[in-house]
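Here the structure comes first, spelled out in structure tokens, and everything after it is commentary.
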Amino acid sequence: MTRFGKRIFGLLIVGLMAALAGAGCTSTAVKQALTEPAEHTVRSSSPDVPSLASGREKLDWRAYNYFVNGLLYEGIGDIYSASVSYKKALEIFPESYEIGFTYSQALFRLGNSKQSLAVLRNLNPQDAGVLNLSAMCYRQIGQMDSVRSVYLRLVKIEPDNSLAYSFLAGYYRQLGDLDSSIWAYEQLIRVRPDSYRQLNELARLLAQRKDYDRAREVFRRSLEVESGTANLLAIIGLGELYLLSEQLDSATAVFKKG
94 MTRFGKRIFG
104 LLIVGLMAAL
114 AGAGCTSTAV
124 KQALTEPAEH
134 TVRSSSPDVP
144 SLASGREKLD
154 WRAYNYFVNG
164 LLYEGIGDIY
174 SASVSYKKAL
184 EIFPESYEIG
194 FTYSQALFRL
204 GNSKQSLAVL
214 RNLNPQDAGV
224 LNLSAMCYRQ
234 IGQMDSVRSV
244 YLRLVKIEPD
254 NSLAYSFLAG
264 YYRQLGDLDS
274 SIWAYEQLIR
284 VRPDSYRQLN
294 ELARLLAQRK
304 DYDRAREVFR
314 RSLEVESGTA
324 NLLAIIGLGE
334 LYLLSEQLDS
344 ATAVFKKG
């Protein structure tokens with residue numbers, strides 16, 4: 094549910110709680126809320142209710158009614174009925190980003206990722222929320238190349254998105270693309286500088302590329318973050334790199350510490 098949906102749903106809950114207090118029956122109150130016009134539940138003149146049209150298009154109250162009913166269905170856990178209401182709202186008001194995005198979320202939760210993607214492609218703007226959900230849909234249907242493409246677009250909008258870099262790092266490593274893997278781990282470490290495990294992975298990749306000086310530097314950074322027994326891999330890796338460069342005294346000192 095979008096931030097807009099949560100705000101609307103919060104207001105609806107207040108009205109619904111009042112209905113429950115008066116009616117004394119949950120099912121009856123919910124049924125009334127789903128069948129009565131939405132403007133009776135949330136008044137359009139309320140300053141707390143934003144417009145689905147974001148001030149650009151004239152609001153169609155039929156679309157608004159279906160959207161609010163969808164939120165109510167979602168609130169009681171009936172995602173399928175919610176999706177049906179969202180679909181009707183979107184058919185009436187296809188320009189609405191909020192309706193389209195909320196509908197695509199419901200479709201994803203139902204496991205209908207292909208339909209969700211079809212809705213997402215028509216949304217404007219193609220912002221971080223759309224790209225994140227698109228990547229999740231592609232992962233659900235196993236199209237990993239498309240996930241990569243979406244995440245590369247996403248990090249241009251959100252350059253600190255660690256989830257995107259984590260996927261890209263694993264994706265490139267699986268392909269055996271060493272340079273791209275190093276780039277992804279460098280970005281991930283930029284976002285998470287205190288992750289000694291990620292530092293170790295980057296150091297190992299640098300060693301594979303025979304960039305031994307940088308690999309040693311990264312292993313040392315890893316040991317600065319975690320110098321205890323949990324980080325023995327960094328100690329072993331650093332010692333082996335000293336051996337490769339025939340720095341036997343340094344290698345001995347590192348191994349003794351380990």
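To convert a position in the sequence shown, counted from 1, into the numbering used here, add 93.
The C-beta atom is built at its ideal place from N, Cα and C for all residues, glycine as well.
Computed from a predicted structure; not experimentally measured.
Top-ranked residue by Cα proximity to residue i, from the options
i: Gln-301; options: Asn-217, Ser-274, Ser-320 and Ile-282; result: Ser-274
i: Glu-251; options: Leu-203, Ala-221 and Arg-241; result: Ala-221
i: Gly-170; options: Phe-160, Ala-199 and Tyr-265; result: Ala-199
i: Glu-279; options: Gln-267, Ala-175, Arg-307 and Lys-303; result: Arg-307
i: Arg-314; options: Leu-331, Thr-322 and Lys-303; result: Leu-331
i: Tyr-289; options: Glu-319, Ala-277, Asp-153 and Ile-329; result: Glu-319
i: Phe-201; options: Arg-241, Lys-181 and Ala-175; result: Ala-175
i: Ile-284; options: Val-248, Tyr-305 and Lys-303; result: The sequence given here places Val at residue 284; Ile does not occur at that position. Of the listed residues, the one whose Cα sits closest to Val-284 is Val-248.
i: Val-311; options: Pro-286, Leu-216 and Asn-205; result: Pro-286
i: Lys-180; options: Asn-215, Ser-197 and Tyr-244; result: Ser-197
i: Pro-218; options: Ile-329, Ala-296 and Tyr-190; result: Tyr-190
i: Ser-178; options: Tyr-258, Ala-156 and Glu-188; result: Ala-156
i: Ala-182; options: Gly-269, Asn-158, Ser-255 and Lys-303; result: Asn-158
i: Glu-188; options: Asn-293, Met-237, Asp-153 and Asn-254; result: Asp-153
i: Tyr-265; options: Asn-254, Leu-216 and Asp-238; result: Asp-238
i: Leu-256; options: Val-243, Leu-216 and Gln-267; result: Val-243
i: Gly-229; options: Ile-192, Val-347, Phe-260 and Asp-253; result: Going by the sequence as given, residue 229 is Met instead of Gly. For Met-229, the nearest C-alpha among the options comes from Phe-260.
i: Thr-322; options: Val-161, Gly-351 and Asn-254; result: Gly-351
Element boundaries [alpha helix (DSSP H), containing residue i]
i: Asp-342; result: 341 to 350
i: Asp-272; result: 271 to 284
i: Asn-162; result: 154 to 168
i: Gly-263; result: 255 to 268
i: Gln-208; result: 206 to 213
i: Ser-315; result: 305 to 318
i: Asp-220; result: Taken as a continuous stretch (DSSP letters only), Asp-220 belongs to no alpha helix (DSSP H), as it is neither H nor E.
i: Arg-297; result: 289 to 301
i: Thr-195; result: 190 to 202
i: Asp-171; result: First-last for Asp-171: undefined, no H or E at that position.
i: Gly-330; result: 325 to 337
i: Ile-250; result: 237 to 250
Expected contact under 8 Å - CB spacing of residue i and residue j to nearest Å
i: Leu-213; j: Leu-203; result: Not a contact, Cβ separation roughly 15 Å.
i: Asn-324; j: Leu-316; result: 6 Å
i: Phe-194; j: Val-223; result: 7 Å
i: Leu-298; j: Leu-271; result: 6 Å
i: Tyr-258; j: Leu-295; result: So it is not a contact: roughly 12 Å between Cβ atoms.
i: Ser-206; j: Ile-234; result: 5 Å
Classification of residue i by the beta-carbon crowding that lies within 10 angstroms, buried from 16 upward
i: Ser-209; result: buried
i: Ser-338; result: exposed
i: Ala-327; result: buried
i: Lys-349; result: exposed
i: Thr-345; result: exposed
i: Gln-291; result: buried
i: Leu-341; result: exposed
i: Glu-184; result: exposed
i: Ala-277; result: buried
i: Gly-163; result: buried
i: Leu-268; result: exposed
i: Asn-293; result: buried
i: Asn-215; result: exposed
i: Ala-211; result: exposed
i: Val-347; result: buried
i: Ser-139; result: Confidence at Ser-139 is low in this model, with a pLDDT of 34, below 50, so the placement of that residue is unreliable and no value is reported for it.
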